[in-house]
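Line by line, the protein sequences give chains A and B. If you're matching positions, the first sequence starts at 1 in the working numbering and goes up one per residue. If you're matching positions, the second sequence starts at 1001 in the working numbering and goes up one per residue. Below: one structure, written as C-alpha cells.
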Amino acid sequence: METTLFDLKSGEEAVIKNLKGGAEFQKKLRSLNLRRGKMIRKVTAEPFHGPVVVEIDNTEIAIGMNMAKKIVVEASESESD
Amino acid sequence: MKILLMGNPNVGKSAIFSRLTGIDVMISNYPGTTIELKKGKMKLDGETAEVIDVPGTYSLDPASRAEEVAVNMLQEGDLVINVVDATNLERNLNLTLALLERNIPVITVLNFWDEIRHLGIRIDIQKLESRLDIPVVPVVAVTGEGIKALVSRLHEAKAHQKRYTEESRWERIGKIIGEVQRISLKKHTFLERLEDLSVQPLTGIPIMFSVLIVVFWTVRIVGETMIAYLFDPLFELYLPFVTDLSRMLGGGGVVHDILLGTLIAGQIDYIQSMGVLSTGLYVPIAMVFPYVVAFYLVLGILEDSGYLPRLATLVDAIFHKLGMHGLAIIPMLLGLGCNVPGALSTRILEGRKQRFIAATLMATAVPCMAQTAMVFALLGPYGIKGLGIFFMTLFAVWLILGFLLNRFLGGETPETFMEIPPYRIPYPGSLGKKLWMRIRSFLTEAIPFVLFGVLIVNILYVFGIIEWIGEMAAPVIVGIFGLPKEAVAALIVGFLRKDVAVGMLLPLGLDMEQLIVASVVLTMYFPCVATFVVLFKELGARDLLKATGIMLVTTLLAGGILNALL
Ligand SMILES: Nc1nc2c(ncn2[C@@H]2O[C@H](COP(=O)(O)OP(=O)(O)O)[C@@H](O)[C@H]2O)c(=O)[nH]1
Ligand SMILES: [Mg+2]
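Rendered as C-alpha cells:
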C-alpha cells in the first residue's frame, strides 16, 4: 500500500518509492541515503507536529513533519487494515 | 603540504585530527561539533604538513550552502583523508566517490572498526581497496588503533578523475557494497532498544525528565561533596596564613583591603571580605570550581553517549514554537556550563533568525555554572523553594521571550533534518580528556577574571564610584526591584564575573525574596564581558545591540513582576 513516511505507522517498515518536493530538497535526502528502493523503518513521530524519526541502515534520522509528507513509501507488510 | 580530513558529520574526523596532530579538540557524539576549520601540524617524512579538520559534509554539492566550506577547501588541499563510518558504509561511500571525481589524492579511513563486529558487519578491506583503487585503512580513532598504519600509507593516496552522475554513483556504490560487505542478522542489543525508547514520546518524555533530574542532583551532590570534603578543608589550612598576613598588615588600610579585604567581626570571611587573596581565591576555587567539574563530567557523558540528539528530537516541536530547532538544546546546555561555549555553539544552527534567538535566549535566561554555584550557596539554605522559584522564573522568561521573538522577528526557521547517531558507551579516556580541556580553560580563563573583578570592586569602593552610581540607579534598583541601593555594586561587577557579583549580595543581608530577585536580575540584565565579546563576533554589532536591548527590557519587566509577586 502506497503512503507517505508521515502516514506510515510507528514501527512499520517500508520501501521508499518516490521523493517529492524541490530538487534541492530531494538531493539533500538522497545524500543521506534516503533514496528510491531503500528500506526504512519509522521509529516514531513526535507529538505536536514534531519530527518523524526514521531508521535506515543502522542510522536514525529526524525529519520535519512536512518533509516526511514528501517521502512516498510502500509499507512492506500489510498485516493491518 | 595541506592534508584535509573530510567525511560525513560525526564519523570521527576530529578524533583522528587529534591523533594526527596531538592537538586536543572537542569530540562529541552529535553532528556539528566542529564549527570552525581547525588546523594543526604533523610530521610527515621529516617535513611538517598542515592538517585541517573540515566540518562534516554529506556530499560535495556546490549548490548547497552547508557544503560550501568543504568544497572551497578542496581547491586548497593537497591530499584528502576521507574518514568513513564503517558501520554505515553505503552512505559514506557516496562522499568517497564524489571525492574521486576531484583529481585530488584520496586515502580512505574506515573508522569505528571496533563497532562493526557486534553489528554483524564484515567488510573485505582488500577488495574495497581494489574496487576504489585507493588505500583503505581500518582504524579506531578513540583508541588510536590503526593510526600508525594510516600515517605510513599517506603517500599511497591516489587521485582519480572519475565521471559519475548522481545515479551512476549510487549504482557503482551498490555494486561495491554487494562485493565487499556481508551483514549477518543479529539480535537487537539493549542500547538499540533504548534508542527507540528514548525517542518514542510515551517512554521518551519520562526518560527525559529522569535524565534531567539525575543530572541536576548529580551536579549538586558531587559539587557539595567536593566542597565539604576537599576544598573547605583546604581553605581551612590556608586560613592561618592569611590571618597572619592580615595581622602583619595591621588589620586595615588600602593594601590590606585590596589583598585581604575588610575583616568581618575581626576575622577574614572568605565570602564577604572581598580581598584578592581571600574572596578572590575562595569563590572560584572552593565555591565554583567543584560544581564546574561536576557539571562538565555529567555533560561529557551526555555528549558522548549520543543522548543529546535524541533530547533535541523530543523537544523539537516546542523549540519550533520559539523559532529554533530542537538542536538548539545544545547551546542551552553548554550555556549552563559557561555562556561562552554556549554562544559559540549557536553556529551549529542554520539560519540567522534561529541563531539570533538561540544566542539571545541563552545569554538572557541561562545562568552559567559559576553563577549557579553561587546561587546554590546563597539560596541553598532556603531549601528547594528558593532555587525552585529562581529556575522556574528563568525558564518562564526563556519560554515567553522565545515565543515573542519567534512571532515578531522576520525570517523562517527551516524544518529539522538531522542525523541521530547511535548510543555508544563513552570511552573513559576521551571523557577524561574532554573534562580536562574544560577544566583547564576554566582555571586559566575564569580565575584571572575573578581576581581582576575583586580588584576592580575594591578600586571602585575606594574612589566612591559605586556609591555615586548607586544613587543614580536607586530608582530602578530600589523602586523596581525592591533591593537596597548597595546592590548596584553587584550589577557593575556582574559585567566582569557573575559569580563574584552573586557573592557580593551576601553582606547586604537580603531576605529570600530579595535574593531571588537579585539572582534573576544578575542572570538576565547583561552578559558577562567574555560572553559579550563572543556574541559580538557571532552576531555582529547590530544584532548584539538588539539582543542587549531585549535583555535590559526583559530584566526590568521580569525583575519588577517578580518583586511585585513575592
Ligand atoms: N567506538 C568508537 N567511537 C568513536 C570512534 N571514533 C570516534 N568515535 C566517537 O564518535 C563521536 C564522533 O567523533 P568526532 O571526532 O567528534 O566526529 P566528527 O564529527 O567527524 O569530528 C565521538 O563521540 C567519538 O568519541 C571509534 O573509532 N570507535
Ligand atoms: Mg568534528
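We put the beta carbon where it would ideally sit given N, CA and C, even for glycine. Bear in mind that the values here come from a model prediction, so they are computed numbers and not experimental data.
**OP:** Starting from residue 1470/B, trace the alpha helix (DSSP H) both ways and give me its first and last residue.
**Re:** Numbered from 1 along the second sequence, position 470 holds the residue referred to as residue 1470/B. In the DSSP assignment, residue 1470/B falls within the alpha helix (DSSP H) that extends over 1465-1474.
**OP:** Return the chain-ordered list of same chain residues with a C-beta closer than 7 Å to the C-beta of residue 1462/B, the five sequence neighbours on each side being excluded.
**Re:** In the second sequence, the residue the question calls residue 1462/B occupies position 462. Excluding sequence neighbours, residue 1462/B sits near 1254.
**OP:** Determine, using beta carbons only, whether residue 40/A comes closer than 9 Å to chain B.
**Re:** The sequence position of residue 40/A within the first sequence is 40, counting from 1. Using a CB distance cut-off of 9 Å, residue 40/A does not count as an interface residue toward chain B.
Subject >> Chain-ordered neighbours of residue 48/A on chain B, where CB pairs are closer than 8 Å >> reply: Taking the first residue of the first sequence as position 1, residue 48/A is located at position 48. Those within 8 Å of residue 48/A in chain B are 1317 and 1318.
Subject >> First through last residue of the beta strand (DSSP E) which encompasses residue 1082/B >> reply: As a first step, residue 1082/B must be located in the second sequence, where it is residue number 82. Counting along the chain, the beta strand (DSSP E) containing residue 1082/B begins and ends at 1079-1085.
**OP:** Starting from the beta carbon of residue 1068/B, find every residue of chain A whose beta carbon is closer than 8 Å, and list them in chain order.
**Re:** Within the second sequence, numbered from 1, the residue matching residue 1068/B stands at position 68. Neighbours of residue 1068/B across chain A, judged by C-beta separation under 8 Å, do not exist; the nearest C-beta is about 14 Å away.
Original post:
When the Cα of residue 1405/B is compared with those of 1549/B, 1442/B, 1286/B and 1367/B, which residue comes out closest?
Top reply: In the second sequence, the residue the question calls residue 1405/B occupies position 405. Measuring from the Cα of residue 1405/B, the nearest candidate turns out to be 1549/B.
Original post:
Within the chosen definition, does the region 22-39 of chain A reach the region 1018-1029 of chain B through at least 3 CB pairs nearer than 8 Å?
Top reply: Two segments are said to touch when three or more pairs of C-beta atoms, one from each, lie closer than 8 Å; by this definition the region 22-39 of chain A does not touch the region 1018-1029 of chain B.
**OP:** Taking residue 1108/B as the reference, give the member of 1154/B, 1073/B and 1088/B with the closest Cα.
**Re:** What you label residue 1108/B is simply residue 108 of the second sequence in a count that begins at 1. The residue with the shortest Cα to Cα distance from residue 1108/B is 1154/B.
Original post:
Are the CB atoms of residue 1029/B and residue 1095/B nearer to each other than 9 Å?
Top reply: Within the second sequence, the letter at position 29 stands for residue 1029/B. Within the second sequence, the letter at position 95 stands for residue 1095/B. No, Cβ-Cβ distance for residue 1029/B and residue 1095/B is not below 9 Å.
Original post:
Using 8 Å as the Cβ pair cut-off and three pairs as the minimum, do the region 1346-1363 of chain B and the region 1471-1487 of chain B touch?
Top reply: By the Cβ rule, the region 1346-1363 of chain B does not count as touching the region 1471-1487 of chain B, because fewer than three pairs are nearer than 8 Å.
Subject >> Close beta carbons around residue 1160/B, own chain, < 6 Å, minus the five adjacent residues each side >> reply: Residue numbering aside, residue 1160/B sits at position 160 when the second sequence is read from its first letter. Answer for residue 1160/B: 1100, listed in chain order.
Original post:
Ends of the beta strand (DSSP E) at residue 1053/B?
Top reply: Here residue 1053/B is taken as the residue at index 53 of the second sequence, counted from 1. DSSP places residue 1053/B inside the beta strand (DSSP E), whose first and last residues are 1047-1053.
**OP:** Give the residues from the region 1419-1439 of chain B that approach chain A closer than 9 Å (Cβ to any Cβ), ordered along the chain.
**Re:** Those residues of the region 1419-1439 of chain B that come within reach of chain A (Cβ to Cβ, closer than 9 Å) are 1419, 1420, 1421 and 1422.
**OP:** List the residues of chain A that residue 1088/B touches, going by C-beta distances under 7 Å, in chain order.
**Re:** Numbered from 1 along the second sequence, position 88 holds the residue referred to as residue 1088/B. Neighbours of residue 1088/B on chain A, chain order: 57, 58 and 59.
Original post:
Going by C-alpha distance, which of 1224/B, 1541/B, 1325/B and 1043/B is nearest residue 1374/B?
Top reply: For the purposes of this step, residue 1374/B is identified with residue 374 of the second sequence, where counting begins at 1. Selected option, being the one with the closest Cα: 1224/B.
**OP:** Would you verify that the beta carbon of residue 1091/B is, or is not, closer than 9 Å to some beta carbon of chain A?
**Re:** Within the second sequence, numbered from 1, the residue matching residue 1091/B stands at position 91. Output row for residue 1091/B: interface = yes.
**OP:** Examine chain A for any beta-carbon lying closer than 9 Å to the beta-carbon of residue 1100/B, and answer yes or no.
**Re:** As a first step, residue 1100/B is located in the second sequence; it is residue number 100 there, counting from the start. Interface flag for residue 1100/B against chain A is unset, since no Cβ pair is found closer than 9 Å.
**OP:** Measure from the C-beta of residue 43/A to each C-beta in chain B and report whether the shortest distance is under 9 Å.
**Re:** Here residue 43/A corresponds to residue number 43 of the first sequence, with the count starting at 1. Yes, its Cβ sits closer than 9 Å to a Cβ of chain B.
**OP:** Would you kindly check if the distance between the Cβ of residue 62/A and the Cβ of residue 1303/B is under 9 Å?
**Re:** Here residue 1303/B refers to the residue found at position 303 of the second sequence. Here residue 62/A refers to the residue found at position 62 of the first sequence. No. Outside cutoff.
**OP:** For the region 1385-1405 of chain B and the region 1502-1517 of chain B, state whether three or more C-beta atom pairs, one from each stretch, are separated by less than 8 Å.
**Re:** Taking 8 Å as the limit for Cβ pairs, the verdict is that the region 1502-1517 of chain B does touch the region 1385-1405 of chain B.
Subject >> Cβ-based neighbour list, residue 1203/B, same chain, cut-off 8 Å, excluding 5 preceding and 5 following >> reply: The count along the second sequence starts at 1 and reaches residue 1203/B at position 203. Counting only residues of its own chain and dropping the five nearest sequence neighbours on each side, residue 1203/B has a CB closer than 8 Å to the CB of 1197.
**OP:** Give the secondary structure of residue 71/A by DSSP, where H, G and I count as helix, E and B as strand, and everything else as coil.
**Re:** Walking along the first sequence from the start, residue 71/A turns up at place 71. DSSP places residue 71/A in strand when its eight states are reduced to three.
Subject >> Neighbour flag for residue 81/A against chain B, beta carbons, 9 Å >> reply: The residue given as residue 81/A occupies position 81 in the first sequence. Per-residue confidence for residue 81/A stands at a pLDDT of 45, beneath the threshold of 50, marking its modelled position as unreliable; the derived number appears in the next sentence. Not an interface residue.
Original post:
Nearest to residue 1403/B by CA position, among 1422/B, 1318/B and 1451/B, is which residue?
Top reply: Residue mapping note: residue 1403/B aligns to position 403 of the second sequence, counting from 1. Among 1422/B, 1318/B and 1451/B, the Cα nearest to that of residue 1403/B belongs to 1318/B.
Subject >> Segments assigned alpha helix (DSSP H), at least 4 residues, entirely inside the region 1318-1378 of chain B >> reply: Taken in chain order, the complete alpha helix (DSSP H) segments of 4 residues or longer contained in the region 1318-1378 of chain B are 1329-1337, 1339-1344 and 1352-1365.
**OP:** For residue 81/A, collect the residues of the same chain with a Cβ closer than 6 Å to its Cβ; drop the 5 residues on either side in sequence, then sort them by chain order.
**Re:** Here residue 81/A corresponds to residue number 81 of the first sequence, with the count starting at 1. Because residue 81/A carries a pLDDT of 45, less than 50, the predicted location of this residue cannot be relied on, and the following value inherits that uncertainty. Hits under 6 Å: none found.
**OP:** Could you tell me if residue 1555/B is buried or exposed, where buried requires 16 or more neighbouring beta carbons within 10 angstroms of its beta carbon?
**Re:** Within the second sequence, residue 1555/B is the residue found at index 555, counting from 1. Residue 1555/B should be labelled buried.
**OP:** Inspect the beta-carbon positions of residue 1284/B and residue 1222/B and report whether they are closer than 9 Å.
**Re:** Numbered from 1 along the second sequence, position 284 holds the residue referred to as residue 1284/B. Numbered from 1 along the second sequence, position 222 holds the residue referred to as residue 1222/B. Result no, Cβ atoms of residue 1284/B and residue 1222/B do not sit closer than 9 Å.
**OP:** Indicate, with yes or no, if ligand 2 has a heavy atom lying under 8 Å from the CB of residue 1069/B.
**Re:** As a first step, residue 1069/B is located in the second sequence; it is residue number 69 there, counting from the start. No heavy atom of ligand 2 is found nearer than 8 Å to the CB of residue 1069/B.
Original post:
Closest to residue 1276/B by CA distance: which of 1091/B, 1450/B and 1466/B is it?
Top reply: Walking along the second sequence from the start, residue 1276/B turns up at place 276. For residue 1276/B, the closest alpha carbon among the candidates 1091/B, 1450/B and 1466/B is that of 1450/B.
Original post:
What does residue 1200/B touch in chain A if you count any residue whose Cβ is under 8 Å from its own?
Top reply: Residue numbering aside, residue 1200/B sits at position 200 when the second sequence is read from its first letter. Result: 10, 43 and 44.
Original post:
If you count every other CB in all the chains shown that lies within 10 Å of the CB of residue 1176/B, and 16 or more means buried, which is it?
Top reply: By 1-based counting over the second sequence, the position of residue 1176/B is 176. Buried, by the Cβ-count rule.
Original post:
With a cut-off of 8 Å, do at least 3 Cβ pairs link the region 1267-1276 of chain B to the region 1177-1194 of chain B?
Top reply: Counting Cβ pairs under 8 Å, fewer than three are found: no touch.
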